[in-house]
Structures are given as structure tokens and as C-alpha cells.
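J.:
Residue numbers (the working numbering): 5 to 153.
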């Protein structure tokens, strides 16, 4: 998953500082219970099969500001599903964050499965972007739930 946004113009974010978005990956077991959460403060799950590239507090990168890599073949058997989530770390709603977007892609083929313009989500601060679920035929991806206020 890749997350990108543009730095805000000086003075555009009075009181809260510049927009800071965070990418998270939530790992679930078969019953839907959370096993682990990978985020900027915890950049890897226990066995290293999910890796976060680290926090980008400003959105100053030309490409993805934050990335999460998932090595599906290395995930523990206890992990049945993954959810990719974007949150606003300092309270900005997505419509206030210039250029805010995210995508879920295959890191080998670079095939993009899901792309989302976060700014179009308006007054939301969190969004469940996509779910990867293990099934007998392999892993299946579906768009996430809904934006959360």
C-alpha cells in the first residue's frame, strides 16, 4: 500500500500543524480478532512479513510518503485477513489535505488493484482502504468498508 499527500502551504494549517497522514495494516485471525497492527510506531509485525517504511510527518516526498509492504507467502498461518487503513494523525480531515491519495498494488508486477482519492472523502479522518482475505484459491482483495468520522 502506498500513501501520498502534498505539503501544505505555509500558514494553511493554523493550530494543528501540517497535515500528517498515517498508513496502517491490521492483521486478523480466522475469528476476526486483531492479531497485530503495523503502523509508523510499530513498523513490523512479529515475523517481519509486514513492513512499514516509517512515518512521513509532512508529505514532502514526490512519490509515496508512506508504504506498507506485505510478503503474503511469509505471513503466519494464523493470519486470515489484512486491512489497510489511512488515518489523520493530527486531526485534519481528508478534504484539508492537498493531493491525499492511496493505492494498493502488487509490488512485483506493479499492477494497481485499488486507487483512492482521499480528499474526495470530505470531512473524514480515517478510511478502511482495502481488505485482503485468505481463501483456498489464494488471497482475495476487496475495497474497504466506509470512511469513519
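Don't be surprised by glycine CBs; every beta carbon is placed ideally from N, CA and C.
#1: Does the contact criterion of 3 or more C-beta pairs under 8 Å hold for the region 41 to 59 versus the region 96 to 107?
#2: Counting only the same chain and skipping the five closest in sequence on each side, list residues whose C-beta sits under 6 Å from that of residue 144.
#3: What does the Cβ neighbour count give for residue 69, buried or exposed, with the cut at 16 atoms within 10 Å?
#4: Is it the case that the region 39 to 48 contacts the region 108 to 119, given that we only count it when at least three CB pairs across the two stretches are under 8 Å?
#5: Give the DSSP-derived three-state secondary structure of residue 27 in the structure shown.
#6: Would DSSP call residue 120 helix, strand or coil?
#7: Does DSSP put residue 152 in a helix, a strand or coil?
#8: Just to confirm my understanding: we take residue 122, look at its own chain, exclude 5 residues before and 5 after, and list those with CB closer than 8 Å. What are they?
#9: Is it the case that the Cβ atoms of residue 78 and residue 53 are separated by a distance below 7 Å?
#10: Name the residue from 126, 83 and 120 whose alpha carbon lies nearest to the alpha carbon of residue 139.
#11: For residue 78, name the three-state secondary structure that DSSP assigns.
#12: If you reduce the DSSP assignment to three classes, tell me which class residue 53 lands in.
#13: Please classify residue 100: does DSSP put it in a helix, a strand, or coil?
#14: What number of angstroms, rounded off, separates the C-alpha of residue 147 from the C-alpha of residue 13?
T.: The answer reads as follows:
#1: no
#2: 137
#3: buried
#4: no
#5: Strand, per DSSP.
#6: strand
#7: Only weak support exists for where residue 152 lies, its pLDDT of 41 falling under 50; the coordinates are left without a value.
#8: 9, 25, 90, 98, 101, 104, 105, 106 and 131
#9: Yes. Within cutoff.
#10: Of the candidates 126, 83 and 120, the one whose C-alpha sits nearest the C-alpha of residue 139 is 83.
#11: helix
#12: Coil, per DSSP.
#13: Judged by DSSP in its simplified three-state form, residue 100 adopts helix.
#14: 32 Å
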